[in-house]
Each structure stands twice: as C-alpha cells, then as structure tokens.
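Engineer: Following this message is one structure expressed as structure tokens.
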Amino acid sequence: MTSSSISIAGLNHFFDPSETLVLRDINAEIYPGRITGLVGPDGAGKTTLIRLMSSLLVPCEGNINTCGYNSRTETISIRERIGYMPQRFGLYEDLTVLENLTLYAELRSVFGPEREDTFERLLTFTDLKKFTGRLAGRLSGGMKQKLGLACALIRKPQVLLLDEPSVGVDPISRRELWHMVRELADEQMAVVWSTAYLDEAEQCEEVMLLNEGRLLFTGLPGEMTRRVDGRVFQVRGIQAEEKRPVLTRLLDSPCVLDGIVQGAALRLLVRKDVGNVTGQLELPDGAELQAVMPNFEDAFMDMLGGGPGGRSVLAEQYDERVDDGQPIVEAQGLTKRFKDFVAVHDNSFSIRRGEIFGLLGPNGAGKSTTFKMMCGLLRPTEGMGKVAGINLRHAASKARNRLGYMAQKFSLYSGLSVYENLRFFSGVYGLRGKEQQQAIERMLEVFELYSYQSAEAGTLPLGFRQRLSLACAMMHKPDVLFLDEPTSGVDPVTRREFWNHINGLVQKGVTVLVTTHFMDEAEYCDRIGLIYRSEKIAEGTPEDLKRLTTSGECPDPTLEDAFIMLVHSHDKKAYDREE
4 MTSSSISIAG LNHFFDPSET LVLRDINAEI YPGRITGLVG PDGAGKTTLI RLMSSLLVPC
64 EGNINTCGYN SRTETISIRE RIGYMPQRFG LYEDLTVLEN LTLYAELRSV FGPEREDTFE
124 RLLTFTDLKK FTGRLAGRLS GGMKQKLGLA CALIRKPQVL LLDEPSVGVD PISRRELWHM
184 VRELADEQMA VVWSTAYLDE AEQCEEVMLL NEGRLLFTGL PGEMTRRVDG RVFQVRGIQA
244 EEKRPVLTRL LDSPCVLDGI VQGAALRLLV RKDVGNVTGQ LELPDGAELQ AVMPNFEDAF
304 MDMLGGGPGG RSVLAEQYDE RVDDGQPIVE AQGLTKRFKD FVAVHDNSFS IRRGEIFGLL
364 GPNGAGKSTT FKMMCGLLRP TEGMGKVAGI NLRHAASKAR NRLGYMAQKF SLYSGLSVYE
424 NLRFFSGVYG LRGKEQQQAI ERMLEVFELY SYQSAEAGTL PLGFRQRLSL ACAMMHKPDV
484 LFLDEPTSGV DPVTRREFWN HINGLVQKGV TVLVTTHFMD EAEYCDRIGL IYRSEKIAEG
544 TPEDLKRLTT SGECPDPTLE DAFIMLVHSH DKKAYDREE
C-alpha cells in the first residue's frame, strides 16, 4: 500500500492554554495522487491545521509527519518539499507577475536554465504568459489565484497545501483552477484543498470535515451524502411571490432540518424517520413535493443538527414598505471609463420594491464598478442612475441616506472596536442621541455581537466581520440594500443566517441589489443580469437563464452551467463577428 504523505496522530493545539483547544484529537492520513478536501465552516481550524502540516506552527500535543519528516524537529526538510498557497493573497501586489515569480524562484534557489524552464512551464500551465508585465494587484481574482498557485509550484512539491484558493473566484476561474490542480494530483502529488464551499467537497477524492476544531468525518464524499438518502426534497409549483414566506413557514416545521431557495423551487432536508413528509408539511395549493438526490451540503447541515431556522429578528423590526409600482432602483445607459479602459458600457436595468436583483459575471466584468456608481461613490462617464427616485448625478448624498452598502472587501475600520464602528456608521447615517444608542443596541442583539463589542473589528472571525458589515449597513433601516459579494468565504450556516435576514427584509418591501460568485446563492434572486467584459449579455430569472442554455448535450443545466455557457456563447459570437 502507498505510504501517506502526511500523517497526523493525537493532535491537540491551542494558542492560549487557558482557552478552548483550536484543534482537538485529530488523527488522519493524507495520501499522494489525490485531492483531499479540508472542509468546514469559518473558525473550524482549517488554516491552523494547514499551518501545522507545513511546519509553520509546532503542535502543542501529538505529532505530524509531512513527507516523512517530523514537523517539530525537521522543519527545513519539510519546507523544501511542500508548496503552500496561503488563504490571503500572499504575493506582492506592487510587483509584476514576472517579478513575483522571480522573487519566489530566488527564495527557492531556482536559477539559470532551470528557472527559465520552470517559468515557461508555469506560465503555460496557468495561462499567464500574456500578463507577465501586469502588476499583481491589478489582476482579476482568478488570475491572482493562478499566480499564487504558480509561485507555490516554483520547485515541484511532493505536497501542495491550498488554503481556500477559490474564495472570491468566479465559476469559470474556479473550474480552471480545479482542472489545473487535478493535473497535479494525477502526477502523484498530494494535494490538500481547504474550503468552506461544500460543493467543492464533492470534487475531492477524500474529505476531512472539521467543525469547532473536531474532525467529524473523514472518508469519501459519497459516504457522507448517503447519510441523508431519501430525506431531501424539492417543493415545486410555488408562485414566485410565495416562495420566501413559504420557506419561512416550512423552516418552522418540526420535521424540517434545513431549507433554501433553488430558483423557482425550494430545497428541503427533513429529519430521520418522519414518515409521511407530505402529510406533515403545510404546502400551498398547487405545490408538489419531489424527492431529489442529496449533496454534501445537505449531509453537513444534517450533521450539525440543521440550519438556523427561517426567522429574521432584523426583519421583524422593520415596518412594511408600501409598493407604489415604480422602480426603486434604475440604471439607464450606465457607462464608466478610466482613461482608455471601459469598465462598464451601456448598462441598463430597473428593480422593483421588494425584489432581489443579482449582478453576476466573471472577475473584472464590471460588477463592483456598477455598484459604486449606483451608490453614488463613482460618477458615471455617461448614463444615469436613480435610487428611490433620486438622481445620483444631482443628489448622491441624499440618495445614500436611503440605501445601505456592504462592500466586497471588509470596509469597516479594523482598528476600531465593534461598538466604535457601529457608533461611527450610525453617526454617518445621521443618527444621534437616544435614536443612535437604540440602533446600536439593536444591532448588537440582532447579530449576536455583544460578546465582541470591545474587540477590534479586524480581529473578528470572518463570519462575525460580515455580520458587523451588514449591521453597519442597516443602522438607518434603508429602503435599498446593496450587497457586493457579501458572503465570500463564509460557511453555509452563516450564509443561511444572512439570507434569512435578506428574505425577511424583502418580504417587508426592502429592495436588494447583490453580486455573488455562489451560483446556489444566486438562486435566491428574482432576476439576474449577467455582465461580461463590461456589458450586460443576458437578463432574466434563474430559470430563464437555465432555459436559454438547455440543449441535447445539457438537458438540465445548473445555474453555474448556464453562467459558463452564456459567457462562452458571447465569446464565440464576438469571434465570429471578427472573422
């Protein structure tokens, strides 16, 4: 039998002996020639475990052998034989692609003809040849990850450790990244791929599932999903305006463990031994229940005892907004140029009150630029945007008081405490005195931030940073909520909590404009605008986009399939026009 590349025995780890163990009683073997998924929610201990495998940390108790070397006593030997791609972009953004590769080659003592051959191989492998002179900070999210992978492969490792490499990466780049890493595993390299995205677990040969520092499961992904066979259903035939209130009601049913929106349908996970499921669910007239294949995320939610339910305390504190039938967000011919570069070209859309509109597109397509123009943070070169009837060209500050904005990157003040951030942003939105204090207390309670209120925002776990960002955006109870990749890197439980709030607010008449790279998350949208190379190339409901790409080769496309096929179809049409 092939010997393991990494062996972990009796591992316990802590950063402060007086605090809870970060990792508890971990035993595992990781083998060459396969991708092992290190899966779990934010704060589960994934990054700590990867750093221990790489010998960047020394275990408090137990042993780790990597490539046959002891991580306590033979750290140099380990580091010579591994490639490590950290969770945060670990390259120099003010250096070019080639300069970053050169720096890593120097650190790895790769010189002369060997360096030239290595660069040629890696630039071809990652398709970065055309971008060697571009600054790393100006690369798209997917290209940054490819460069990070190339730097980790400067000297071909026996073990490749990837810490959440697909965070913030669009579906096309994600598929390309997976294809490249599979090629490496086929060459008998041991690959550890850490992720909070449970759909990625199904692409791994083996999975290690962590939660709160404990190894809950290790084995084949299929072994995990079998635990919920026969317990996953879709509710179909629901009117579009009913799906959110129906989901909220079904999540309160004692037989339902978890549920999400899937386009025009709802996906439910029910408890064991519930008997006649249909008889226990209050379904609307015309709706039907159909059994569907389970996935890894269903099994994960079952292992955790279910999701957070359907209630939103935040939405319950909102007064219902009256729909006057007029669009509350409008973009007409929106265009933004930066010198000769066109970031957004002739983008138009309108959003009704109480609607979720999704902007989807690859990295660098123009989504965030569109957002900033619609928030009054960037002035359009051409065209016009309106929020709540207010023209952003003429009264941007007035419009901003009617909206809440949650930026793509953590946009709060990292050096201020949670409480200080809430106080600052409530003041920015014009809240004073008793009203301000009540808003702060409300957000501390709704988002369970009381125990963190004195902590610096930059030290919070990712899930709590996102909670704080949303809390700051909601202080003044806005009519419109702009969310730019709000759950990037966040685990499924936190994502469900987040979308419970969004669904509840939309039922109260709040309008939401959202960008996301999660195609399952995009299913929550009422309508989607797909942006590519600065232009909108398709618009419709999630089901509309799937129908556009249905074919004999792909009779039942997922939203991710539709996304990729629409982009490729646009490229083909552009190529044909040039020919």
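All residue numbers for the sequence shown refer to the numbering used here, where the first residue is 4 and numbers rise by one. Cβ coordinates follow ideal geometry from the N, Cα and C atoms, glycine included. None of the values given here were measured: they were computed from a predicted structure.
Can you check the segment 481-530 for any beta strand (DSSP E) of at least 3 residues that lies completely inside it and give the ranges in chain order?
Structural biologist: 483-487, 514-518, all fully within the segment 481-530.
Engineer: Would you tell me roughly how many angstroms separate the C-alpha atoms of GLY586 and GLY240, rounded to the nearest one?
Structural biologist: Residue 586 cannot be examined here, being either before or after the span of the chain that is shown, 4 to 582.
Engineer: Is the segment 320-332 touching the segment 256-272 in the sense that three or more CB pairs, one from each, lie closer than 8 angstroms?
Structural biologist: Flag = no, the segment 256-272 and the segment 320-332 do not touch.
Engineer: I think GLY512 touches GLY361, with their Cβ atoms under 8 angstroms apart; what is that distance to the nearest whole Å?
Structural biologist: Taking the first residue of the sequence shown as 1, we reach residue 512 at position 509. Taking the first residue of the sequence shown as 1, we reach residue 361 at position 358. Rounded, the Cβ-Cβ distance is 19 angstroms, inconsistent with contact.
Engineer: For HIS348, which three-state DSSP category applies?
Structural biologist: Position 345 of the sequence shown, counted from the first residue, corresponds to residue 348. The answer is strand: DSSP assigns HIS348 an E or B state.
Engineer: Leaving out five residues before and five after GLY93 in sequence, what residues of the same chain have Cβ atoms less than 7 angstroms from its Cβ?
Structural biologist: Taking the sequence shown and counting its residues from 1, the one referred to as residue 93 is at position 90. For GLY93, where only same-chain residues beyond five positions count, the Cβ hits under 7 angstroms are GLY151.
Engineer: Please list the terminal residues of the continuous alpha helix (DSSP H) segment that includes ASN279.
Structural biologist: Walking along the sequence shown from the start, residue 279 turns up at place 276. Unbroken run through ASN279: none, as it is neither H nor E.
Engineer: Excluding the 5 residues preceding and the 5 following PRO35 in the sequence, name in chain order all residues of the same chain whose CB lies nearer than 6 angstroms to its CB.
Structural biologist: Reading the sequence shown from its first residue, position 32 is the one you call residue 35. If we look at PRO35 and ignore the five residues flanking it on each side, its Cβ neighbours are SER8, GLN191, ALA193.
Engineer: Please report the straight-line C-alpha distance between ILE79 and LEU201, rounded to a whole angstrom.
Structural biologist: The residue given as residue 79 occupies position 76 in the sequence shown. The residue given as residue 201 occupies position 198 in the sequence shown. Distance between the alpha carbons of ILE79 and LEU201 is about 33 angstroms.
Engineer: Expressed to the nearest angstrom, what Euclidean distance is found between the alpha-carbon atoms of MET446 and VAL515?
Structural biologist: Stepping through the sequence shown from its first residue, residue 446 is reached at position 443. Stepping through the sequence shown from its first residue, residue 515 is reached at position 512. Cα to Cα, MET446 sits roughly 19 angstroms from VAL515.
Engineer: Quick check: the Cα distance between PRO287 and GLU245, rounded to an integer number of angstroms?
Structural biologist: Reading the sequence shown from its first residue, position 284 is the one you call residue 287. Reading the sequence shown from its first residue, position 242 is the one you call residue 245. So the alpha carbons of these two residues sit roughly 9 angstroms apart.
Engineer: Taking THR373 as part of the beta strand (DSSP E), name the residues at either end of that continuous run.
Structural biologist: If you number the sequence shown from 1, residue 373 lands on position 370. THR373 -> not in any beta strand (DSSP E); alpha helix (DSSP H) instead, spanning 370-377.
Engineer: Would ARG217 and ASP28 be called neighbours here (beta carbons separated by less than 9 angstroms)?
Structural biologist: Residue numbering aside, residue 217 sits at position 214 when the sequence shown is read from its first letter. Residue numbering aside, residue 28 sits at position 25 when the sequence shown is read from its first letter. The answer is yes: Cβ separation under 9 angstroms.
Engineer: Counting along the chain, where does the alpha helix (DSSP H) carrying ASP301 start and finish?
Structural biologist: Looking up residue 301 in the sequence shown gives position 298. Segment 299-306, the alpha helix (DSSP H) holding ASP301.
Engineer: The beta strand (DSSP E) spanning PHE220 covers which residue range?
Structural biologist: For the purposes of this step, residue 220 is taken as the residue at position 217 of the sequence shown. Here the beta strand (DSSP E) through PHE220 covers 217-222.
Engineer: Identify, in the order they occur along the chain, each residue of the same chain with its Cβ nearer than 7 angstroms to the Cβ of ASP232, setting aside the five sequence neighbours on each side.
Structural biologist: Looking up residue 232 in the sequence shown gives position 229. Excluding sequence neighbours, ASP232 sits near PRO297.
Engineer: Please give me, in chain order, every unbroken run of the beta strand (DSSP E) with length at least 3 that falls completely inside the segment 379-437.
Structural biologist: The segment 379-437 contains these whole beta strand (DSSP E) runs: 385-390, 406-409.
Engineer: Across the segment 542-555 and the segment 382-393, are there enough close Cβ pairs to call them in contact, namely three or more that are closer than 8 angstroms?
Structural biologist: No, the segment 542-555 is not in contact with the segment 382-393.
Engineer: Can you tell which of GLY144, ARG111, LEU101 has the C-alpha that lies nearest to the C-alpha of GLU123?
Structural biologist: The sequence position of residue 123 within the sequence shown is 120, counting from 1. The candidate whose alpha carbon is nearest that of GLU123 is LEU101.
Engineer: Which class does SER80 belong to by DSSP, given the choice of helix, strand or coil?
Structural biologist: The count along the sequence shown starts at 1 and reaches residue 80 at position 77. It is helical.
Engineer: Just the C-alpha distance for LEU55 and ASP166, rounded to the nearest angstrom, thanks.
Structural biologist: Position 52 of the sequence shown, counted from the start, is the residue given in the question as residue 55. Position 163 of the sequence shown, counted from the start, is the residue given in the question as residue 166. Rounded to the nearest angstrom, the two C-alpha atoms are 12 angstroms apart.
Engineer: So SER420 and GLN456 are in contact, right, with Cβ under 8 angstroms, and what is the actual spacing, rounded?
Structural biologist: Here the question's residue 420 lines up with position 417 in the sequence shown. Here the question's residue 456 lines up with position 453 in the sequence shown. Indeed, because the Cβ distance is near 7 angstroms, the residues count as touching under 8 angstroms.
Engineer: Where does GLY65 fall in DSSP's three states?
Structural biologist: In the sequence shown, residue 65 corresponds to position 62, counting from 1. If DSSP states are grouped into helix, strand and coil, GLY65 belongs with the strands.
Engineer: Go to SER197, then tell me how far its beta strand (DSSP E) extends in each direction, as first and last residue.
Structural biologist: For the purposes of this step, residue 197 is taken as the residue at position 194 of the sequence shown. Here the beta strand (DSSP E) through SER197 covers 193-198.
Engineer: Figure out for me which residue from GLU542, MET88, MET478, HIS348 has the closest Cα to the Cα of GLN441.
Structural biologist: Along the sequence shown, read from residue 1 onward, the residue named residue 441 stands at position 438. When each option's Cα is compared against that of GLN441, the closest is MET478.
Engineer: If I'm right that ARG247 touches VAL509 with Cβ under 8 angstroms, what's the distance once you round it to whole angstroms?
Structural biologist: Here residue 247 refers to the residue found at position 244 of the sequence shown. Here residue 509 refers to the residue found at position 506 of the sequence shown. 6 angstroms between Cβ atoms; contact.
Engineer: Near LEU463, which residues of its chain fall below 8 angstroms by C-beta distance, leaving aside the five closest residues on each side in sequence?
Structural biologist: One-based indexing of the sequence shown puts residue 463 at position 460. If we look at LEU463 and ignore the five residues flanking it on each side, its Cβ neighbours are VAL421, TYR455, LEU471.
Engineer: How long is the line joining the alpha carbons of ASN103 and THR50, rounded to whole angstroms?
Structural biologist: Locating residue 103 in the sequence shown gives position 100, counting from the first residue. Locating residue 50 in the sequence shown gives position 47, counting from the first residue. Cα to Cα, ASN103 sits roughly 23 angstroms from THR50.
Engineer: Between the segment 202-215 and the segment 37-51, can you find at least three pairs of beta-carbon atoms closer than 8 angstroms?
Structural biologist: Verdict: yes, contact present.
Engineer: Got a sec, what are the start and stop residues for the alpha helix (DSSP H) ASN15 sits in?
Structural biologist: Against the sequence shown, residue 15 aligns to sequence position 12. Per DSSP, ASN15 belongs to no alpha helix (DSSP H); it is in the beta strand (DSSP E), 9-16.
Engineer: Would DSSP call LYS575 helix, strand or coil?
Structural biologist: As a position in the sequence shown, residue 575 is number 572, starting the count at 1. Of the three classes helix, strand and coil, the one that applies to LYS575 here is helix, per DSSP.
Engineer: Relative to the C-alpha of PRO481, which candidate in LEU163, ARG177, LEU250, GLN320 has its C-alpha closest?
Structural biologist: What you label residue 481 is simply residue 478 of the sequence shown in a count that begins at 1. For PRO481, the nearest C-alpha among the options comes from GLN320.
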